[in-house]
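**Q** Protein chains in written order, with the numbering used here: chain A, 1 to 201; chain B, 1001 to 1203; chain C, 2001 to 2367; chain D, 3001 to 3465.
Here a beta-carbon is modelled for each residue, glycine too, at the ideal position from N, C-alpha and C.
Treat the numbers as computed from the prediction; the structure is a model and nothing was measured.
Take a look at the following structure, please.
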Amino acid sequence: MLNMLKQIWLVLVLSLIFGAALAYTDQSTKQRIAENRQQQIRELAQMATVGELVRDEKGQAQFKIELKKLELSDKTLVAYEVLPIGGKGPRVGYAVIGEGIGWDRLLVLIGLSPDLSKITGLEILESRETPGLGERIKGDEFRAQYRKSAQKPLELVKSTPTEDHQVMALTGATISSEAVTAMVNTAVGKVRKAIQSNNKN
Amino acid sequence: MSKSNLVSQFTNGLWAENPSLVMLIGMCPTLAITNSVANALTMGMATMFVLVCSNLVISLIRSQLQAHLRILVYMLIVATFVTVADYMLQAYLFTMSQSLGPYVPLIIVNCVILARAEICAAKKGPVTSFVDGLGVGLGFTFSLTLLGVIRELFGSRSILNYQILPDSFEPWVVMVLPSGAFLTLGLVIGLVNYLRSRKRVEA
Amino acid sequence: MNSNVSHDKGQEFSDARTQKIHENAKVLEKIAEASQPEWIVEPGPHLSDKSTTRRLMIDVIVALIPAMAVAVWVFGFNAIRLTGLCLVSCLATEYLFNLIRKRPGTLGDFSAVVTAIILAFSLPPTLPNFAVILGSVAAIAIGKMIFGGLGQNIFNPAMVGRAFLMTAFPVLMTTWVAPVDWKVDSSAPAAVAGENVDAVSQATPLTMLKPGSADRKLPVLRELIIGRTSGSLGETSVVALLLGAVYLLARRTITWHIPLGMLGSAVIFAGIAYMAAPGKFVNPMFHLGAGAMIFGAFYIATDLVSSPLSRKGQLIYGVGCGVLTMVIRQFGTYPEGVMFSILMMNGLAPLITRYTISKPLGGNVRA
Amino acid sequence: MIAEKLIAKMTRKKVFPRGIHPNDSKSATCEQPITPLAWPAEVTIPLQQHIGAPASPMVTPRQDVKKGEQIAAAGGFVSAPVHSGVGGKVGPLTTCLVPTGKRVPAVSIKTQSVPSEEQLQAELEEYLSPAGEVRPIGELSPETIIESAQNAGLVGMGGATFPTHVKLKIGPNKTIDTIVINGSECEPFLTADDRLMQQAPSLVVRGLELAMRATGASRGVIAIEDNKRKAIESMRQAVAGKSNLEVAVCMTKYPMGGERQLLPAVLGRVIPTGGLPLDVGVVVLNVATSISLAHAVDRGRPVTHRVLTVTGAVNRPGNFFVPIGTPISWVIEQAGGLRKDAAMVLMGGPMMGVTMPDLSIPVIKGTSGITVLSRSEVRKMDQTACIKCGRCVENCPLKLSPTRIAHAVKMGDLELAESFNLMACCECGCCSYVCPARMPLVQYLKSGKAAVLRKRAAAKAASTK
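Structure, rendered in structure tokens:
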């Protein structure tokens, strides 16, 4: 026993010291990290609903909105109610996080009009698609296509859309385009159902 | 430890034993996150921070190291500093930490750090080890940034997101892809070898 | 003649006949010494087959003439622009590389010409000039010279160049145009060099197969055979390519193993898929005619350097190319898979060689 | 390759897989009857014309020798005595180059009492006709035959120059059932064996029967390529009525005459790598060797002359009956001299023949021909890098991969080369012939083999110390 202790005392001591150090780091950064996450979502939500985001000289976003997380029965769905800053005034809209798989995990944030009838914006939260191909889903032109009525599920086509609910796929990036479209359709469908059932309750 | 020795210990890591261009270790971050200068710089700095800290700590406790437990102790130390670095990045450079993805935690298994711990820190005093960590870390940052500059310039027309090449220049997507990383690394290593061989001939 | 035998000068000869012969011999020796030719001394064998590296390469170039003609007919000036540009930049790259490395010039073996033409033929007709030049440089520099030049490269240089372009400029490399309509364009010159403003964009037969494609008006087989469809420069016309292929086979520049393996396995693969789900998959003959299948099977996969050495290995290699192509076409996102399948099999070629090389007649040498 | 197999089956011709089809270029000399060559002023007879120990000289300078007199004794069992084909005065003992490139001791003889043309012609006729009275085969013991061969200095006259008596002396554990006379003469240009089979078929058969008697073989096969119609015809007539003898017609293909190709083609027996025909119960003899064996036994005639083809860029190509030791320059002069465009002189045929740097080199027992190539025929060495076309692999009659072996040799990795079966190479040169990159493949293989043998010898020497 003594022999063993002789050998491992250093490991034990180091573990204790480092454990404490890590605990301290975690404590001191935890809040900031959470804020960072929230801030990112808030920025994107403003982009998706209001459509613009002004930054000051330091790069700090000037927010016009606040987010209120919706308590939904569907626990897999993360959605926010978008309210004007300070909570005063009518609801700006909704922000929903859509999740799916393109070539890798994809997270998007979809902005919806207050009556859930229109998609007001689409932002990419997390993507690791192929640069130059799939990553072009981040492009403004592609995302702008999604700003349309949410009444009918969107359809992806490969040539110039002829109908309103059609979205044109990116050349050479069909899978990523498909994934985004599918995520939008699912998320919008789910959130509508969830909010309506919430309202009923 | 004399001053000139310290200087040579420092420059050694910068050039003669540059981890990614000469020793060819730490290839994972070298290839994966050098698609932009900002990424490369951050990664290099994070690695340097971990390297310097772990070198210092290992050097301080080197007399107490049990030979068969040393790797365990190294990992313990390295993992701690990597976690600290990761948290710091997430807290203060959030977007950067997002674009680096899992590569910051992966510094733990970067052989550069383990190699320096084994080669230098476990044998030499804290001052030397500190300087060594600084030199190797800077060398690593340098080579990563070099690759980042080339790849970002041709792959996205810009350096540090500041557009350099005109719009008429069609970006070479291949440069920001992993295949572009291999190509660039290969060419840079070729160039380095050519320079080294010329130096040797002259000497 | 330099005699190795020392003469005994004072020798007397017994009879007149013998003496005469000896005198004759001396005269002969003198004549021979005066006019001694420089004998060529070199290792055997002293005869050789007519084929040389250069001839093999020229054969391939000749075989591609019909495809070139069709390319000009289908894509107009762009065909000439692409081929010319590839030729100039490939040859220049090889020349410069040799210059820098202080090696003797290797342009004379014509391999760079073949690489240039095959690269040009595998590019979309409207690819801008800078991309064409970049692709050529990548093909020769990265695909060939870095490995040590002709014969040392693992991958087909032209395909390396194309893969580079494909990853560097994915959009440019997947923008296709419809064939030039000579009736309309007869007054004005066809598409202005490099600028494809006037060109009509049109999906290739294979792109039409992919889900989501709006214009799924598949061309009939006859169109594929003649080649007036959109696609890469030299891959569209089955008949022109086959014409060249027959020439290559007749000249024994290529053997039947790789093309048969590749086309055969592709047809079988596509046939099984077609029989299993006729609605989802198309006729195997369509796959044979569309895209770079024929071009790849006869001209790219048969590249001597990057294919296995043994005949058995070549058959396996061909089958690998065919199956991979069909897997990519039918299950992958890319509409075309010839380039990737050939590059993948290039990587496997040394291994295939290793496992298919024959045992010597009479068994291995006993250690 | 499949088509060839099919044709062979249909025409009942023998063939081996792979190999090459060079232009045989035999038309210049195949119709030229053998003519005797006038004696040169001086002959230089090398004392080592065979594989094995050199012979030791038995003559002293200024001594007179008669035609057919022995001038050197065998230096051991694997060795052969040497006889003079001319009469004259022995010059000082000297050395000379032999076609293999070695410098060996030699005896030079200044010819005297040069025979007239008629005498020469008579000697040739005697050489081409069977001895008048011969002892029936049954009365000769194997030992007598082998001893006669040994005394006559008989060696393989196809080029390998292995002492024939060693070949015929079969060890106690081995049995031989077949003797194959190799009349395929697959080297382009050469027609000496062809002419011998046309002009002296009965001697070939006599030699074959003697060899069968000596080894105890029950079957005799004479293998001839199908481009020698007349030879096939005359040999068929010569074996008519002899049930244990047959003529096997082979397709014309290089290297049909190699033992490792001939036996699979004719008998369907594959010689194991590193083995000999002996290992599959066969002894292979060359046509000229067979004739010399008949002469040695029936007439006691030593090997002093041989028939060889002089062809290519000479003015009067033909087949000549030449005393051994005659310098090439003399032989060429007798064949009308060199044409103006002559560029290369080969001892042997163009495939395996060796270039002569110097025309004073003498004809030896294994010289089957002298081929002179013109400037336009000499292969141009515009060498490029190996393009891995696989033609050498496809055509190697031993199924080796010459390019891989050559590459290993080039890199100095002999072990790798050996693992690719370097030592199995028979040096036929098919690989170099077909190589579009004009790589001297067979040269790499030859030098690799030599290097391995040197290494082994050094290792052996070191271990015995």
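If you follow the alpha helix (DSSP H) that A:V188 is in, where does it begin and where does it stop?
**A** That run of the alpha helix (DSSP H) goes 174-200.
**Q** Nearest to A:I8 by alpha carbon, out of B:V1104, B:Q1066, B:V1109, B:G1135?
**A** Cα-wise, what sits closest to A:I8 is B:Q1066.
**Q** Could you check whether the region 3365-3378 of chain D touches the region 2125-2141 of chain C, counting it as contact only if at least three pairs of C-beta atoms, one from each stretch, sit closer than 8 Å?
**A** At 8 Å Cβ cutoff, the stretches do not touch.
**Q** To the nearest angstrom, how far is the alpha carbon of D:I3109 from that of D:G3325?
**A** Cα to Cα, the separation comes out at about 9 Å.
**Q** From the DSSP output, read off the bridge partner residues of A:I124.
**A** A:V108, per the DSSP bridge assignment.
**Q** Taking the C-alpha atoms as reference points, what is the distance between C:I2061 and C:V2072?
**A** Those two C-alpha atoms are separated by around 16 Å.
**Q** List the endpoints of the continuous alpha helix (DSSP H) containing D:N3286.
**A** Segment 3282-3286 is the beta strand (DSSP E) holding D:N3286; no alpha helix (DSSP H) there.
**Q** For my contact list, B:G1044 and B:T1145 are in at a C-beta cut-off of 8 Å; report their separation, rounded to the angstrom.
**A** Indeed they touch by this definition, with Cβ atoms about 6 Å apart.
**Q** I need the straight-line Cα distance from C:M2326 to C:G2337, nearest angstrom please.
**A** Near 7 Å, if we compare the C-alpha coordinates of C:G2337 and C:M2326.
**Q** Check whether the Cβ atoms of D:G3019 and D:P3277 lie closer than 9 Å to each other.
**A** No, these two residues do not count as a Cβ contact at 9 Å.
**Q** Comparing alpha-carbon positions, which option in D:A3192, D:V3205, D:Q3063, D:L3416 lies nearest D:G3241?
**A** The residue with the shortest Cα to Cα distance from D:G3241 is D:V3205.
**Q** What is the rounded straight-line gap between the Cα of D:P3362 and the Cα of D:R3260?
**A** The alpha-carbon atoms of D:P3362 and D:R3260 are separated by roughly 29 Å.
**Q** Could you pull out every residue in the same chain whose Cβ sits closer than 6 Å to the Cβ of D:R3316, ignoring the five residues on either side in sequence?
**A** Once the five neighbours on either side are set aside, the close Cβ partners of D:R3316 are A3335, G3336.
**Q** DSSP three-state call for D:C3425: helix, strand or coil?
**A** In this structure, D:C3425 counts as coil in the three-state DSSP scheme.
**Q** Kindly give me the distance between the Cβ atoms of D:Q3048 and D:V3104, rounded to whole angstroms, as I take these residues to be in contact under 8 Å.
**A** So it is a contact: roughly 4 Å between Cβ atoms.
**Q** If the criterion is Cβ atoms closer than 9 Å, does the pair A:E275 and A:L106 meet it?
**A** Outside the shown range of chain A, which is 1 to 201, sits residue 275 of chain A, and nothing can be said about it.
**Q** Under 9 Å, CB to CB, which of the residues in the region 2082-2111 of chain C have a partner in chain D?
**A** Taking 9 Å as the Cβ-Cβ cut-off against chain D, the residues of the region 2082-2111 of chain C that qualify are T2106, G2108, D2109, S2111.
**Q** Would you report the Cα separation of B:W1172 and C:P2128, rounded to the nearest angstrom?
**A** If I take the Cα positions, the gap works out to 13 Å.
**Q** Assuming D:V3155 and D:T3144 are in contact, meaning their beta carbons sit under 8 Å apart, how far apart are those beta carbons, in whole angstroms?
**A** No, D:V3155 and D:T3144 are not in contact; Cβ-Cβ is about 19 Å, not under 8 Å.
**Q** From the DSSP output, read off the bridge partner residues of C:P2125.
**A** Looking at the DSSP assignment, C:P2125 forms no beta bridge with any residue, so it has no partner.
**Q** For D:A3008, I'd like the list of residues in its chain whose CB is within less than 8 Å of its CB, leaving aside the five on either flank, ordered along the chain.
**A** Cβ within range, chain order: K3014, V3015, M3251.
**Q** If contacts are defined as beta-carbon pairs under 8 Å, then D:A3055 and D:A3072 qualify, I think. What distance do you get, rounded to the angstrom?
**A** Yes, D:A3055 and D:A3072 are in contact; Cβ-Cβ is about 4 Å, under 8 Å.
**Q** Grab me the residues of A:V50's own chain with a C-beta within less than 7 Å of its C-beta, minus the 5 sequence neighbours each way, in chain order.
**A** Taken in chain order, the residues that qualify are K64, I65, V92.
**Q** When you compare the CB positions of D:G3075 and D:S3184, do they come within less than 9 Å of one another, or not?
**A** Going by C-beta atoms, D:G3075 is not nearer than 9 Å to D:S3184.
**Q** Determine which residues share a DSSP beta bridge with B:N1018 and list them.
**A** Note: B:N1018 sits in no beta bridge, so no partner.
**Q** At the level of alpha carbons, what is the spacing between C:S2051 and C:D2181?
**A** About 42 Å.
**Q** Going by DSSP, which residues form a beta bridge with D:E3133?
**A** D:E3133 is not bridged to any residue.
**Q** For B:V1149, which of B:R1116, B:I1159, B:G1135 has the nearest alpha-carbon?
**A** If we check each option's Cα against that of B:V1149, B:I1159 comes out closest.
**Q** Per DSSP, what kind of secondary structure is C:Y2334 in: helix, strand or coil?
**A** If DSSP states are grouped into helix, strand and coil, C:Y2334 belongs with coil.
**Q** Cα separation between B:L1069 and B:I1058?
**A** The alpha-carbon atoms of B:L1069 and B:I1058 are separated by roughly 13 Å.
**Q** By alpha-carbon positions, which one of C:N2283, C:T2093, C:A2067 ends up nearest to C:L2209?
**A** Nearest option by C-alpha distance: C:N2283.
**Q** Can you give the Cα-Cα distance for B:A1016 and B:L1195, rounded to whole angstroms?
**A** Each residue's alpha carbon lies about 12 Å from the other.
**Q** Does the distance from the C-beta atom of D:L3210 to that of D:L3140 stay below 9 Å?
**A** In contact: D:L3210 and D:L3140 (Cβ atoms closer than 9 Å).
**Q** Measuring straight from C-alpha to C-alpha, what distance separates B:M1075 and B:V1050?
**A** Going from the Cα of B:M1075 to the Cα of B:V1050 covers about 12 Å.
**Q** Check whether the Cβ atoms of A:L67 and A:A95 sit closer than 9 Å, and answer yes or no.
**A** The answer is yes: Cβ separation under 9 Å.
**Q** What are the boundary residues of the alpha helix (DSSP H) that includes D:E3004?
**A** Looking at the DSSP string, the run of the alpha helix (DSSP H) that includes D:E3004 is 3002-3011.
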